[in-house]
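Here is the structure we will look at, set down as structure tokens.
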């Protein structure tokens with residue numbers, strides 16, 4: 265159930281935020297990488313904008329581009345939109361550029377209502393869009409590489425980063441053309457390097473809005489991933505010219521008042537110029553250096569991974585019963601899981617769902633433990649209630665078969681006026697002693713937990729004896745009770761078959777002895793005119809039948825008394841039958857029949873190793 269809930273939570277997108285936070289933590293924890301000197305950023309910072317003004321004067325920008333061309337870069341990317349440039353007169357933008365074959369300019373496509381076209385005079389291969397789409401928490405983790413023009417759906421556009429990568433790779437190797445993927449025809453490929461396409465349900469994303477194609481950004485780590493120069497530094501020439509020669513130059517605005525800061529998976533204050541650089545560096549490094557490109561498993565394998573960790577938690581909690589052993593084992597499993605997720609991402613480029621797996625692993629241990637604790641508490645409470653109920657029933661049965669039976673006999677004889685005053689006092693003194701004897705017995709039984717039965721005749725018998733011997737003792741002591749003088753005139757026959765000791769518990773023996781005592785007391789009270797009494801306990805085909813038969817008038821009331829109710833409850837506990845039947849022309853049969861080899865009874869109470 266717990267694993268199912270984790271899977272359902274992930275399918276609903278409830279875990280996406282946690283998975284993205286875990287991804288960010290892994291990316292920030294990676295070891296630093298060396299600076300990528302193939303990319304140089306030319307940032308127009310706050311000082312520059314205060315000097316030249318904003319929007320940026322066209323002539324200042326043209327002068328900057330002409331200056332950069334003198335250093336013979338491979339390609340220049342202009343990450344500045346037309347609305348950020350103050351044009352002079354009606355002249356064509358960049359008409360005075362001395363060299364622009366290696367210049368790529370920017371356009372904006374999204375949203376369609378706010379599109380910003382590129383400058384005129386540039387071919388399609390010299391134009392790239394610079395739109396980015398952050399996640400719901402406003403952090404940028406992926407980059408759009410290509411998309412259909414939202415207005416002209418027949419036109420396919422590529423990003424500025426892809427245009428810069430294409431120009432740079434072709435300058436190094438003419439075979440590194442941009443092509444469609446082989447494994448995934450919708451992906452982008454340079455030579456043998458295919459860029460894994462990020463889909464709406466890739467990794468921790470659930471039904472996310474993705475461009476097509478789009479990649480997960482592998483940000484370059486380190487204090488300074490790229491060289492950065494300001495407009496003023498380019499003007500003064502305060503740098504080594506070789507730092508710009510044969511490089512990718514990306515020109516843009518870094519003034520935070522103009523270009524908003526975009527938090528990413530690794531840094532909270534990245535600007536859009538650096539994001540373009542990270543994208544270009546990621547692709548070039550993958551093609552030329554074999555640097556990792558991030559990819560994910562298919563959804564099916566990801567859920568196999570999650571369920572597998574959940575099953576591991578179930579197995580650990582099942583196989584290791586002690587909490588002191590379970591917690592270290594789960595701790596090791598957690599460390600291994602997090603370590604595997606970090607290692608595979610850092611050194612293999614594989615983004616695995618670590619958070620859902622952690623939840624499945626830990627909840628599959630915690631939930632059963634909590635459930636078992638609650639269950640054991642309820643079980644202990646029920647056991648205490650059952651013990652209290654059993655104590656009350658035993659106390660009532662002891663009183664019912666002893667003092668109450670004596671009191672009923674005394675009241676009947678007083679009603680019949682067959683007792684003298686001295687006999688009444690004597691009977692009451694005996695009743696007082698009997699009640700006190702019961703009290704002392706119950707206290708002693710509670711203190712020492714002895715397995716004994718207190719009979720109404722004031723005798724205590726040991727329930728560890730075989731059941732047929734207990735029956736004989738109950739029969740003997742009950743028939744000797746002075747309050748039932750009718751027994752002295754009866755012709756009594758008695759025979760009890762033995763029962764194997766392991767087939768009956770102490771409580772079952774106590775119940776059977778109480779039943780026999782109650783049945784005999786009823787004969788003593790109600791069997792008017794009885795001359796014969798037969799008491800038998802016989803075993804046949806793994807069933808045992810305890811019968812008490814008399815030929816007296818008996819009590820034929822349709823209302824069940826306490827003794828009858830008790831007999832029925834005992835029969836239900838033993839999964840047997842009870843009947844109390846009048847005989848013709850007179851007499852009464854009281855019979856309790858119960859199984860000795862019933863599957864539930866046998867399997868529950870048989871001793872270990874016996875079949």
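Numbering (this note's numbering), first residue to last: 265 to 875. Ideal Cβ placement from N, Cα and C applies to all residues, glycine included.
query, result
"Considering only their Cβ atoms, is the gap separating residue 349 from residue 319 smaller than 8 Å?", "yes"
"Starting from residue 535, trace the alpha helix (DSSP H) both ways and give me its first and last residue.", "Residue 535 -> no alpha helix (DSSP H), and no H or E assigned at all."
"Looking only at its own chain, which residues have a Cβ that is under 6 Å from the Cβ of residue 604, when we skip the five neighbours before and after it?", "none"
"If we count the other Cβ atoms within 10 Å of its Cβ and call it buried at 16 or more, is residue 934 buried or exposed?", "Because the chain is modelled from 265 through 875, residue 934 falls outside the range shown and cannot be assessed."
"Does DSSP put residue 727 in a helix, a strand or coil?", "coil"
"Where DSSP assigns a beta bridge to residue 573, which residues make up the other side?", "In the DSSP output, where bridge partners are listed per residue, residue 573 has none listed."
"Whole-angstrom Cβ separation of residue 307 and residue 537, contact assumed at under 8 Å?", "6 Å"
"Would you mind reading off the limits of the beta strand (DSSP E) that contains residue 444?", "442-444"
"Could you round the C-beta distance between residue 386 and residue 424 to whole angstroms and report it? I think they count as a contact, below 8 Å.", "Actually they are not in contact, since the Cβ atoms of residue 386 and residue 424 sit about 12 Å apart, beyond 8 Å."
"Distance, Cα to Cα, residue 775 vs residue 584?", "40 Å"
"Where do the N-terminal and C-terminal ends of the alpha helix (DSSP H) with residue 432 fall, by residue?", "424-436"
"What residue from 593, 840, 788 has the CA that sits closest to residue 772's CA?", "840"
"In chain order, what residues of the same chain lie with their CB nearer than 7 Å to the CB of residue 496, ignoring the 5 residues before and after it?", "311, 312"
"What three-state label does DSSP hand residue 649 in the structure shown?", "helix"
"Just to confirm, are residue 336 and residue 509 a CB contact at a threshold of 8 Å?", "yes"
"Report the CB separation of residue 512 from residue 428 in whole angstroms; it is logged as a contact under 8 Å.", "6 Å"
"Within this structure, are the beta carbons of residue 516 and residue 343 separated by less than 8 Å?", "yes"
"Does the beta-carbon of residue 406 have 16 or more other beta-carbons within 10 angstroms, so that it is buried, or is it exposed?", "buried"
"Given residue 847, which residues of its chain have a CB within under 7 Å of its CB, disregarding the five upstream and five downstream residues?", "853"
"Using CA atoms only, rank isn't needed, just tell me which of 845, 398, 488 is closest to residue 529.", "398"
"So, helix, strand or coil for residue 803, using DSSP?", "strand"
"Tell me which same chain residues have a C-beta within less than 6 Å of the C-beta of residue 803, skipping the five on either side of it?", "761"
"Quick one: what does DSSP say residue 798 is sitting in, helix, strand or coil?", "strand"
"Quick one: grab the DSSP three-state call for residue 712.", "Residue placement at residue 712 is flagged as unreliable, the pLDDT there being 43, under the threshold of 50; a coordinate-derived value is accordingly withheld."
"Kindly list the residues whose CB is nearer than 6 Å to the CB of residue 712, restricted to its own chain and excluding five residues on each side of it in sequence; keep chain order.", "Residue placement at residue 712 cannot be trusted, given a pLDDT of 43 that sits under 50; what the coordinates show is reported in the next sentence. If we look at residue 712 and ignore the five residues flanking it on each side, it has no Cβ neighbours."
"Assuming residue 276 is part of the alpha helix (DSSP H), what are its boundary residues?", "266-276"
"For residue 814, count neighbouring Cβ atoms within 10 angstroms of its own Cβ and tell me buried if that reaches 16, exposed if not.", "buried"
"Is it the case that the Cβ atoms of residue 628 and residue 574 are separated by a distance below 8 Å?", "yes"
"Give the straight-line distance between the Cα atoms of residue 272 and residue 633, rounded to the nearest whole angstrom.", "22 Å"
"Residue ranges of each beta strand (DSSP E) run of no fewer than 3 residues wholly in the stretch 371-395, ordered along the chain?", "391-393"
"Between residue 618 and residue 601, how many whole angstroms is the CB-CB distance? I'm expecting something under 8 Å.", "7 Å"
"Whose CA, out of 534, 551, 596, 635, lies closest to the CA of residue 440?", "551"
"Along the chain, where does the beta strand (DSSP E) containing residue 514 start, and where does it finish?", "512-517"
"Can you say whether residue 454 is buried or exposed, counting buried as having 16 or more other CB atoms within 10 angstroms of its CB?", "buried"
"Tell me whether the beta-carbon of residue 792 lies closer than 8 Å to the beta-carbon of residue 817.", "yes"
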